[in-house]
Structures are given as structure tokens and as C-alpha cells.
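Take a look at the structure below.
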Amino acid sequence: MRSFEYFKYLHLGLIANIKRKTFPEIAKVVGLENGQGFDYFFGNSPWSLERV
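Residue numbers for the sequence shown, in full-length UniProt numbering: 1 to 52.
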């Protein structure tokens, strides 16, 4: 479930009207305290990059 949430937040941040598309800036736009969850999402998620 958590991976899906960060997947959703990432996409919302990418379409948001912000100057810099960094994890901390995206986190602010979607209402998170910081962008550390995105680091976990990319580093430890159960999905396979090759399959995506």
C-alpha cells in the first residue's frame, strides 16, 4: 500500500506547477513532511524495474 501512495504522490508532484521537481519540493506540494519516503520507494519497493 505504501508503495502505491508514493507512486501516486510522485505523479501528482510531477504534474504540479512547481519550479524544481525535487523530492523535497514534491513532498511539500503533496503534503508530506519530507521527501525521504521517495528514497525508500525507489530503493526498496517490491517491484522490478525490468518488469516495469
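Think of the CB as a built atom: it goes at the ideal place given N, C-alpha and C, for glycine as much as any other residue.
In this text the structure is predicted, and so the values were computed from the model without any measurement.
Between Val29 and His11, what straight-line distance do the alpha-carbon atoms span, to the nearest angstrom?
Each residue's CA atom was taken as its position, placing Val29 and His11 some 11 Å apart.
Can you name the start and end residues of the alpha helix (DSSP H) that Gly13 belongs to?
Per DSSP, Gly13 belongs to the alpha helix (DSSP H) from 2-15.
Cα-Cα separation between Gly37 and Phe7, rounded to whole angstroms:
Between Gly37 and Phe7, the C-alpha separation is close to 10 Å.
In the DSSP assignment, find the alpha helix (DSSP H) that holds Pro24 and state where it starts and stops.
It spans 23-30 - the alpha helix (DSSP H) in which Pro24 sits, taken as one unbroken run.
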